[in-house]
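Residue numbers (our numbering): 5 to 190.
What follows is the structure in structure tokens.
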């Protein structure tokens with residue numbers, strides 16, 4: 005089992021690899037790590053924001069599906085001829101995390117700070133995370149089972165960054181704690 009995270013701080017005391025910040029960087033680095041390490045499974049750890057009606061701040065979730073959205077398309081300012089289909093989380097990995105609520109995770113190109121955009125993006129999604137789709141698609145292409153375990157550090161919207169700064173450390177720790185038992189399993 006390989007743990008991945010956007011930044012080293014999210015891994016804390018756990019062994020793992022860093023994929024970087026943002027969907028493109030995360031996808032490229034994840035693909036390179038998968039090629040080099042050839043893991044049997046991947047879990048992405050991190051912090052995430054909750055869309056309106058999503059999970060509460062300081063909860064930990066596991067992603068059921070991972071989607072991608074271009075904010076300009078959601079606002080009606082552009083269109084995507086063939087948007088990528090959501091990538092499902094691996095059912096066997098999901099079954100190993102029965103205590104965690106399952107949520108639909110959306111990746112965007114930037115942290116969403118506009119409430120109107122947040123409401124549009126949340127149609128079918130309850131969590132926003134900048135790297136999940138990039139890592140999910142890299143794992144899908146490599147045939148490696150994948151899920152993301154995310155500590156909810158903030159609400160998506162104008163106060164997201166301030167909330168994230170306040171809550172990131174305990175949210176990161178909670179996500180790590182949620183997967184520790186898997187690391188000691190045979």
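A virtual CB, placed ideally from N, CA and C, is assigned to each residue, including glycine.
- In this structure residue 147 is exposed. Its beta-carbon is surrounded by fewer than 16 other beta-carbon atoms within 10 angstroms.
- Under the 10 Å beta carbon count, residue 120 is surrounded by fewer than 16 other beta carbons and is classified as exposed.
- Partner residues in the beta bridge of residue 150, as assigned by DSSP, are 46.
- The beta-bridge partner set that DSSP reports for residue 156 consists of 52.
- Look at residue 67 here: in three-state DSSP terms it is strand.
- Between the beta-carbon of residue 70 and that of residue 46 there is about 12 Å, and that puts the pair past the 8 Å contact cut.
- When DSSP states are grouped into helix, strand and coil, residue 135 belongs to the coil group.
- Between residue 62 and residue 186, the C-beta spacing is not below 8 Å.
- The beta carbons of residue 104 and residue 64 sit about 6 Å from each other, so the pair counts as a contact at 8 Å.
- By the Cβ rule, the segment 73 to 88 does not count as touching the segment 165 to 172, because fewer than three pairs are nearer than 8 Å.
- The segment 114 to 129 and the segment 139 to 154 do not touch, with fewer than 3 CB-CB distances between them shorter than 8 Å.
- Straight through space, the alpha carbons of residue 76 and residue 98 are spaced by roughly 32 Å.
- The C-beta separation of residue 10 from residue 50 comes to about 6 Å, placing the pair in contact by the 8 Å criterion.
- DSSP places residue 92 within a strand segment (E or B) once states are collapsed to three.
- Distance check between residue 36 and each of 27, 48, 23 places 23 closest, using alpha-carbon atoms only.
- According to DSSP, residue 72 shares a beta bridge with 111.
- Rounded to whole angstroms, the Cβ separation of residue 132 and residue 53 is 5 Å, and the two are in contact under 8 Å.
- In the DSSP annotation of this structure, the continuous segment of the beta strand (DSSP E) that includes residue 9 starts and ends at 6 to 9.
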